[in-house]
Amino acid sequence: MKALIITPIYPTAESPAIGTFVKTQVESLRQAGVEVDVLPLSGRSRKWNYLKAAFQLRRRLGENAIDLVHAHIGFAGMVARTQRQVPVVVTFHGSDLLGLINEQGKTAFLSPLVVRAGKMLARHVDAAIVQNCKMAALLNNAPNVFVISCEIDLNTFRPVEKNQARAALGLNQDRKYLLFAANPQIAVKRFPLAQAVAEELKRRDGSTELLVVYKEPQDRLALFLNACDALVFTSYQEGSPNIVKQAMACNLPIVSTDVGDVREVLADAKGCYVCDADVDAFVKPLESILAGRERTEGRAKVEHLSRPFVAREIIRVYEQVLGKRSSQVQERNQTGVLIPDKRTQ
Numbered sequence: 307m308k309a310l311i312i313t314p315i316y317p318t319a320e321s322p323a324i325g326t327f328v329k330t331q332v333e334s335l336r337q338a339g340v341e342v343d344v345l346p347l348s349g350r351s352r353k354w355n356y357l358k359a360a361f362q363l364r365r366r367l368g369e370n371a372i373d374l375v376h377a378h379i380g381f382a383g384m385v386a387r388t389q390r391q392v393p394v395v396v397t398f399h400g401s402d403l404l405g406l407i408n409e410q411g412k413t414a415f416l417s418p419l420v421v422r423a424g425k426m427l428a429r430h431v432d433a434a435i436v437q438n439c440k441m442a443a444l445l446n447n448a449p450n451v452f453v454i455s456c457e458i459d460l461n462t463f464r465p466v467e468k469n470q471a472r473a474a475l476g477l478n479q480d481r482k483y484l485l486f487a488a489n490p491q492i493a494v495k496r497f498p499l500a501q502a503v504a505e506e507l508k509r510r511d512g513s514t515e516l517l518v519v520y521k522e523p524q525d526r527l528a529l530f531l532n533a534c535d536a537l538v539f540t541s542y543q544e545g546s547p548n549i550v551k552q553a554m555a556c557n558l559p560i561v562s563t564d565v566g567d568v569r570e571v572l573a574d575a576k577g578c579y580v581c582d583a584d585v586d587a588f589v590k591p592l593e594s595i596l597a598g599r600e601r602t603e604g605r606a607k608v609e610h611l612s613r614p615f616v617a618r619e620i621i622r623v624y625e626q627v628l629g630k631r632s633s634q635v636q637e638r639n640q641t642g643v644l645i646p647d648k649r650t651q
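Numbering (the working numbering), first residue to last: 307 to 651.
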């Protein structure tokens with residue numbers, strides 16, 4: 307089986323932290339025996355890259371025996387669907403189906419258009435993979451919709467002694483560190499709330515500090531997750547945030563807003579909390595965490611998201627899509643007419 311991955315998010319030498327979860331999935335599929343090529347959409351002019359990618363896609367399909375195209379992010383899925391030669395699988399990661407959030411935390415002007423485009427795309431591809439049940443419900447839990455969260459690298463994200471991690475990063479052994487692991491300039495991450503929470507805790511206890519980390523390669527990110535006392539996750543909305551699962555794999559306490567599948571991922575893990583998007587609501591559990599400075603047992607909650615397990619789930623989707631396409635081709639050969647999928651009518 308050979309798959310072509312189309313994605314606008316993929317690590318580069320200049321931006322090693324962008325789209326690492328896509329690269330992880332590519333590596334997992336390869337290890338599981340799938341032959342995978344990657345067509346990254348990169349550069350300054352995203353619109354031009356999407357247009358150029360449509361031509362690149364057709365050239366790749368003409369030059370290589372590709373069985374299916376798997377697009378990450380809705381707009382890349384639209385590029386993939388410009389051809390009908392091979393089946394298309396699209397993975398929606400969050401805002402490409404849930405909509406866009408502006409700096410005030412409100413629905414952005416173009417958000418309804420993005421949501422409608424995502425829903426329409428899902429009806430015209432062979433399979434749509436989403437990150438949580440809410441996203442599946444937006445697509446009416448259609449037969450071609452699958453809930454599969456992105457995997458985590460349990461070998462990279464594993465518990466390490468806090469003192470050892472701090473020494474490796476040059477951090478103070480006595481301070482209390484909160485981690486905000488996202489770009490503070492991205493509105494949906496709601497950095498001002500995390501900042502206000504950290505300032506209030508620092509006012510009460512001068513030894514608390516907020517670390518903002520978002521451009522680090524995976525091995526250094528794992529060190530930060532082990533060096534800090536808690537992850538502060540304040541987003542307005544998410545699909546299935548990888549950083550939460552990675553923190554769980556490192557047994558790091560977490561305080562998060564109720565977004566995406568966070569509540570399900572945290573489950574009843576001791577030292578992990580879902581709370582309202584309010585400074586006091588965050589401060590209360592964080593004070594308890596910082597007083598005890600204990601680790602969680604969160605890793606046991608995310609072991610099912612290992613690379614081999616999720617790769618098998620993705621491959622099952624591929625096999626189902628290819629099996630259906632094979633049946634359609636056989637029917638066409640017998641009748642002379644290809645019966646179209648009802649979703650495309």
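Using N, Cα and C, we set each Cβ at its ideal position, and we do this for glycine too.
Bridge partner(s) assigned by DSSP for residue i
| i | result |
| --- | --- |
| Phe-452 | Ile-435 |
| Pro-346 | Thr-313 |
| Ile-560 | Leu-537, Cys-578 |
| Thr-413 | Ile-407 |
| Glu-341 | Lys-308 |
Delimiting residues of the beta strand (DSSP E) encompassing residue i
| i | result |
| --- | --- |
| Phe-486 | 482–486 |
| Ala-377 | 374–378 |
| Leu-516 | 514–518 |
| Val-396 | 394–397 |
Outcome for residue i when other beta-carbon atoms lying within 10 angstroms are tallied against a minimum of 16
| i | result |
| --- | --- |
| Thr-330 | buried |
| Pro-449 | exposed |
| Leu-416 | exposed |
| Cys-578 | buried |
| Pro-614 | exposed |
| Ser-562 | buried |
| Asn-446 | exposed |
| Ser-632 | exposed |
| Glu-320 | exposed |
| Met-554 | buried |
| Ala-359 | buried |
| Gln-437 | buried |
| Thr-318 | exposed |
| Gly-545 | buried |
| Arg-509 | exposed |
| Arg-422 | exposed |
| Asn-486 | Correcting the residue type first, residue 486 is Phe in the shown sequence and not Asn. Looking at its Cβ environment, which holds 16 or more other Cβ atoms inside 10 Å, Phe-486 is buried. |
Distance, residue j Cα to residue i Cα
| i | j | result |
| --- | --- | --- |
| Gly-383 | Gln-626 | 19 Å |
| Pro-322 | Lys-551 | 19 Å |
| Ala-309 | Asp-373 | 6 Å |
| Pro-393 | Met-307 | 13 Å |
| His-430 | Arg-387 | 8 Å |
| Gly-566 | Val-340 | 29 Å |
| Val-538 | Lys-468 | 17 Å |
| Val-612 | Leu-460 | Before going on, a small fix: residue 612 reads as Ser here, not Val. Roughly 6 Å separates the two Cα atoms. |
| Phe-588 | Gly-405 | 26 Å |
| Ser-433 | Ser-541 | It is worth fixing the name first, because residue 433 is Ala in this sequence and not Ser. Approximately 28 Å between the Cα atoms of the pair. |
| Arg-365 | Pro-418 | 33 Å |
| Val-332 | Val-420 | 26 Å |
| Val-616 | Glu-609 | 11 Å |
| Leu-533 | Pro-498 | The amino acid occupying residue 533 in the given sequence is Ala; Leu does not appear at that position. Roughly 23 Å separates the two Cα atoms. |
| Gln-391 | Asp-525 | 39 Å |
| Thr-602 | Ala-528 | 15 Å |
| Ile-621 | Val-328 | 15 Å |
| Gly-380 | Ala-502 | 34 Å |
| Ile-311 | Val-385 | 11 Å |
| Cys-439 | Gly-400 | 12 Å |
| Ala-471 | Pro-559 | 16 Å |
| Gln-389 | Ile-315 | 21 Å |
| Thr-413 | Ile-549 | 24 Å |
Closest by C-alpha distance to residue i, when choosing among the options
| i | options | result |
| --- | --- | --- |
| Phe-504 | Val-518, Thr-602, Gln-491 | Here residue 504 turns out to be Ala, not Phe, going by the sequence shown. Selected option, being the one with the closest Cα: Val-518. |
| Leu-403 | Ser-562, Val-394, Leu-572, Ala-442 | Ala-442 |
| Phe-530 | Cys-456, Phe-588, Val-466 | Val-466 |
| Arg-618 | Gln-337, Tyr-316, Ile-315 | Gln-337 |
| Asp-582 | Arg-569, Ala-575, Leu-558 | Arg-569 |
| Ile-458 | Leu-363, Leu-507, Thr-326 | Thr-326 |
| Thr-397 | Val-451, Thr-602, Gln-479 | Val-451 |
| Gln-410 | Pro-314, Ser-455, Leu-345, Gln-491 | Gln-491 |
| Arg-599 | Ala-606, Ala-371, Pro-591 | Pro-591 |
| Leu-363 | Leu-335, Thr-313, Ile-407 | Thr-313 |
| Ser-455 | Ser-513, His-378, Leu-628 | His-378 |
| Val-585 | Gly-368, Ala-500, Gln-543 | Ala-500 |
Extent of the continuous alpha helix (DSSP H) to which residue i belongs
| i | result |
| --- | --- |
| Ser-612 | Careful: Ser-612 lies outside any alpha helix (DSSP H) and carries neither H nor E. |
| Thr-326 | 326–337 |
| Val-421 | 417–429 |
| Asp-586 | 585–598 |
| Val-503 | 497–510 |
| Gln-470 | 468–475 |
| Val-571 | 568–572 |
| Ile-549 | 548–555 |
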